[in-house]
Amino acid sequence: MSNLRTANIEAKDARIKVRWIEFTIVRSLMICALISVVTTLAIVVILAKESSGFFQEVSIYSFLAGLEWNPLIEPRQFGVIPLVLGTLLVSVGACIIAIPIGLGTAIYLSEYASQKTRQWLKPTIELLAGVPSVVFGYFAVTSITPLLQSVFPSTEIFNAASAAIVLSFMVLPTITSLSDDALSAVPRSLREGGYALAATKREVSLGILLPAATSGILAACILGFSRAIGETMAVALAAGSTPNLSLNPLQSAQTMTGYIVQVSMGDTPHGSVEYQSIFAVAALLFLMTFSLNVFSQSILKRLQKSYD
Amino acid sequence: MSDLNQNSNANQSVLSALDVSLAYDQRTIVKNVTLNLDPNSITSLIGPSGCGKSTLLRTFNRMNDFIPAFRKTSGFIKYRNLDIYGDDVDPVFIRRRVGMVFQKPNPFPSSIAKNITWGPSINGFQGDFDELVEISLKRAALWDEVKDKLHSSGLALSGGQQQRLCIARAIAMDPDVILMDEPCSALDPASTAKIEELMSELKERYSILIVTHNMQQAARASDHTALMYHGELVEFGSTRQIFNSPKNKVTEDYIMGRFG
Ligand SMILES: Nc1ncnc2c1ncn2[C@@H]1O[C@H](COP(=O)(O)OP(=O)(O)OP(=O)(O)O)[C@@H](O)[C@H]1O
Ligand SMILES: [Mg+2]
Chain A
1 MSNLRTANIE
11 AKDARIKVRW
21 IEFTIVRSLM
31 ICALISVVTT
41 LAIVVILAKE
51 SSGFFQEVSI
61 YSFLAGLEWN
71 PLIEPRQFGV
81 IPLVLGTLLV
91 SVGACIIAIP
101 IGLGTAIYLS
111 EYASQKTRQW
121 LKPTIELLAG
131 VPSVVFGYFA
141 VTSITPLLQS
151 VFPSTEIFNA
161 ASAAIVLSFM
171 VLPTITSLSD
181 DALSAVPRSL
191 REGGYALAAT
201 KREVSLGILL
211 PAATSGILAA
221 CILGFSRAIG
231 ETMAVALAAG
241 STPNLSLNPL
251 QSAQTMTGYI
261 VQVSMGDTPH
271 GSVEYQSIFA
281 VAALLFLMTF
291 SLNVFSQSIL
301 KRLQKSYD
Chain B
1 MSDLNQNSNA
11 NQSVLSALDV
21 SLAYDQRTIV
31 KNVTLNLDPN
41 SITSLIGPSG
51 CGKSTLLRTF
61 NRMNDFIPAF
71 RKTSGFIKYR
81 NLDIYGDDVD
91 PVFIRRRVGM
101 VFQKPNPFPS
111 SIAKNITWGP
121 SINGFQGDFD
131 ELVEISLKRA
141 ALWDEVKDKL
151 HSSGLALSGG
161 QQQRLCIARA
171 IAMDPDVILM
181 DEPCSALDPA
191 STAKIEELMS
201 ELKERYSILI
211 VTHNMQQAAR
221 ASDHTALMYH
231 GELVEFGSTR
241 QIFNSPKNKV
251 TEDYIMGRFG
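Chains as they are written, first to last, in the numbering used here: chain A, 1 to 308; chain B, 1 to 260.
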């Protein structure tokens with residue numbers, strides 16, 4: 001009887017101990033997770049604080065609607081549109097190149113490639129994502145730009161086209177890999193339904209798989225676009241640092257990220273307006289990529305629901 | 001397309017397997033099966049799970065082509081004298097003549113009408129699409145239930161309706177043969193009864209080969225029955241004969257429900 005009781009108590013002790021270990025593990029894991037949340041919040045707070053200093057000097061309206069970006073030399077002007085335009089020119093250009101190639105590759109991978117080809121091709125494409133940005137930048141300046149110049153002699157040394165092309169390589173893995181996932185997630189039964197109706201591979205790919213995977217592919221493209229907008233090093237190297245209110249891809253252009261690097265690497269005094277301006281630009285950039293990510297997440301979530 | 005049906009000799013088999021053996025990689029699944037399908041008849045293929053029914057069924061329209069491990073190791077599959085595994089035969093052509101309905105209803109995530117018109121449109125159908133939709137849905141006994149919502153999604157239908165939509169989709173191709181792989185296994189008894197009734201109407205125009213686990217269904221709905229066991233065709237004959245006086249002990253045991 002008493003034996004039984006001590007056994008009981010020991011079991012209880014053991015349980016408490018297990019519960020305590022469990023508790024500690026859960027807490028530490030939670031702290032790990034919280035680190036990213038806190039970091040994000042801290043970034044938002046710093047962006048808000050520093051850019052609020054900027055907006056005391058420059059009105060939000062003249063920042064968002066101004067057509068002239070001339071932050072370093074008097075008379076200073078902080079109209080962000082040329083930077084936004086540069087960013088869009090380069091990243092939209094990159095997507096125009098990368099989306100058809102990425103989608104074509106994804107269709108090839110998911111429908112045409114043999115298991116063997118797929119096994120080496122997909123990791124190889126994903127390897128592209130691991131190449132450092134600077135390497136891509138120098139590749140643009142030393143290879144793509146000369147090539148462009150030989151075709152279009154009016155091409156400037158630093159130009160948006162070269163940046164767009166190199167950026168398209170950089171977002172290609174994202175677009176390809178996620179589109180391939182979306183296509184592969186289309187249930188086998190739908191494919192078979194198509195083939196049983198005497199469809200060819202091409203007809204099944206274009207008529208059934210592509211429509212069924214639309215939201216996943218859309219999400220892939222948006223994520224690719226969002227990466228393109230946020231990309232810095234390669235673009236800064238290839239596109240140059242001349243803000244231009246122009247859509248000519250052969251001219252130099254400055255992107256939002258490009259401006260941020262230029263100022264933060266220069267000797268701009270802390271606390272000055274031009275120093276604070278990089279936070280305003282960064283805040284705008286953050287808003288843009290953040291909303292793109294939220295948008296693509298919501299599409300992906302809807303996609304998951306539709307297959308449940 | 002339908003002149004192909006009329007020109008051929010009515011007494012001849014529509015589909016036949018001659019000494020067919022099938023394998024996945026090195027593993028033989030179907031062994032030396034010979035089976036002939038009469039025109040305008042329903043043949044049911046029964047047998048325990050894993051005995052190779054689906055594997056055999058899917059060779060009749062070359063759906064196994066999509067499984068890399070699959071091989072045909074002996075024999076011929078003929079569709080009206082055409083060796084469908086012949087070197088110069090386009091599987092797409094075979095699938096125009098030999099349609100298929102799957103175990104799980106698999107309508108495309110688009111409108112009811114689009115589900116029906118897609119197959120014919122990619123195969124060069126020239127006629128009136130509205131008429132095609134109406135005729136196909138009527139033949140699949142679905143028209144009355146969906147005629148007011150032809151442009152709403154096929155996925156919004158009930159399981160039984162979806163399966164009839166898939167049958168309508170197969171019919172719209174005006175095939176010669178329809179293969180069905182346990183088409184009622186995901187359906188309730190009422191929908192199952194509807195599809196069985198439908199099958200007996202369909203055989204006026206088409207030949208049907210149906211895989212089923214439901215003995216009553218085979219007995220009720222089919223003219224001929226084939227029993228497979230461990231990849232071999234144990235017995236093939238008229239449904240009445242198979243169910244009333246089976247010649248083979250295995251057949252008898254199986255239809256008496258003595259094993260799964
Ligand atoms: N893609 C495949 N690769 C390898 N083996 C397979 C494949 N498909 C089926 N098999 C094997 O072939 C055998 C027969 O399968 P099949 O689907 O033809 O059986 P079945 O008679 O239709 O069974 P059920 O009544 O359960 O549907 C099984 O042992 C199965 O494991
Ligand atoms: Mg089966």
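Just so you know, even glycine gets a beta-carbon here, dropped at the ideal spot from N, CA and C.
Contact between B:S16 and B:N32 is ruled out by a C-beta separation of about 14 Å, above the 8 Å threshold. Between B:A168 and B:S121, the C-beta gap is not smaller than 7 Å, which leaves the two residues out of contact. With the criterion set as a beta carbon lying under 8 Å from some beta carbon of chain A, the members of the stretch 55 to 75 of chain B are N61, M63, F66 and P68, in sequence order.
Runs of the alpha helix (DSSP H) lying entirely within the stretch 67 to 103 of chain B, each at least 4 residues long, are 91 to 97 in chain order.
Any Cβ of chain A closer than 7 Å to the Cβ of B:I171 would place that residue at the interface, and such an atom is absent. Pairing A:A253 with A:N244 gives a Cβ-Cβ distance under 7 Å. For the stretch 96 to 156 of chain A, not one full-length beta strand (DSSP E) segment reaches 3 residues or more. Along the stretch 183 to 208 of chain A, going in chain order, the ones with a CB nearer than 7 Å to a CB of chain B are S189, L190, E192, G193, Y195, A196, L197, A198, A199, T200, E203, G207 and I208. If you ignore the 5 residues before and after B:I171, its C-beta comes within less than 7 Å of the C-beta of S136, R139 and A140, all in its own chain and listed in chain order.
If only complete runs of 4 or more residues are kept, the stretch 253 to 287 of chain A shows the alpha helix (DSSP H) at 256 to 265, in order along the chain. Less than 7 Å separates the beta-carbon of A:D180 from that of A:S110. A heavy atom of ligand 1 is found nearer than 6 Å to the CB of B:I29. DSSP, reduced to helix, strand and coil, places A:L72 outside both helices and strands of the structure shown, so it counts as coil.
Residue nearest to A:L103 within the set A:G230, A:P173 and A:A280 is A:P173 (criterion: CA-CA distance). Judged by DSSP secondary structure, B:T225 falls within the beta strand (DSSP E) whose first and last residues are H224 to Y229. When C-alpha distances from B:F93 are compared across B:V177, B:M256, B:I255 and B:T34, the shortest belongs to B:V177. Put simply, the backbone Cα of B:Q241 is about 36 Å away from that of B:Q26. For A:A113, not one C-beta of chain B is nearer than 7 Å to its own C-beta.
Relative to ligand 2, B:K53 has its C-beta within less than 6 Å of a heavy atom.
Cα atoms of B:M215 and B:A186: separation of roughly 16 Å, rounded to the nearest angstrom.
In the three-state reduction of the DSSP assignment, B:V250 falls in the helix class, which pools H, G and I. Look at the stretch 87 to 105 of chain B: the residues with a C-beta under 7 Å from a C-beta of chain A are V92, R95, R96, G99, M100, F102 and K104.
By the CB criterion at 7 Å, A:T155 and A:Q149 fall inside the cutoff.
In this structure, the C-beta of B:I195 stays at least 6 Å away from each heavy atom of ligand 1. When Cβ pairs closer than 8 Å are counted between the two stretches, the stretch 190 to 205 of chain A is seen not to touch the stretch 267 to 282 of chain A, the count staying below three. Between B:G159 and chain A, the shortest Cβ-Cβ separation is not below 7 Å. Around the CB of B:Q161, 16 or more other CB atoms lie within 10 Å, so the residue is classed as buried. Within the same chain, S110 come within 7 Å of A:S184 by CB-CB distance, once the 5 residues on both sides are set aside. The beta-carbon distance between B:H213 and B:C51, rounded to whole angstroms, is 11 Å. This is too long to meet the 8 Å contact definition. Excluding residues up to 5 positions away in sequence, C184 lie with their Cβ nearer than 6 Å to the Cβ of B:T192 in the same chain. Under DSSP, B:Y24 forms a beta bridge with B:R27 and B:F70. Residue B:P91 holds the alpha-carbon nearest to the alpha-carbon of A:A199 among B:A218, B:P91 and B:K149. Taking a C-beta cut-off of 8 Å against chain A, the contacting residues of the stretch 107 to 125 of chain B are P107, F108, P109, S110, W118, G119, I122 and N123, listed in chain order. DSSP lists B:Y229 as the bridge partner or partners of B:E232. Of all C-beta pairs linking the stretch 159 to 173 of chain A to the stretch 68 to 76 of chain B, fewer than three are shorter than 8 Å, placing the two stretches out of contact. Not a single C-beta of chain B is nearer than 7 Å to the C-beta of A:A219.
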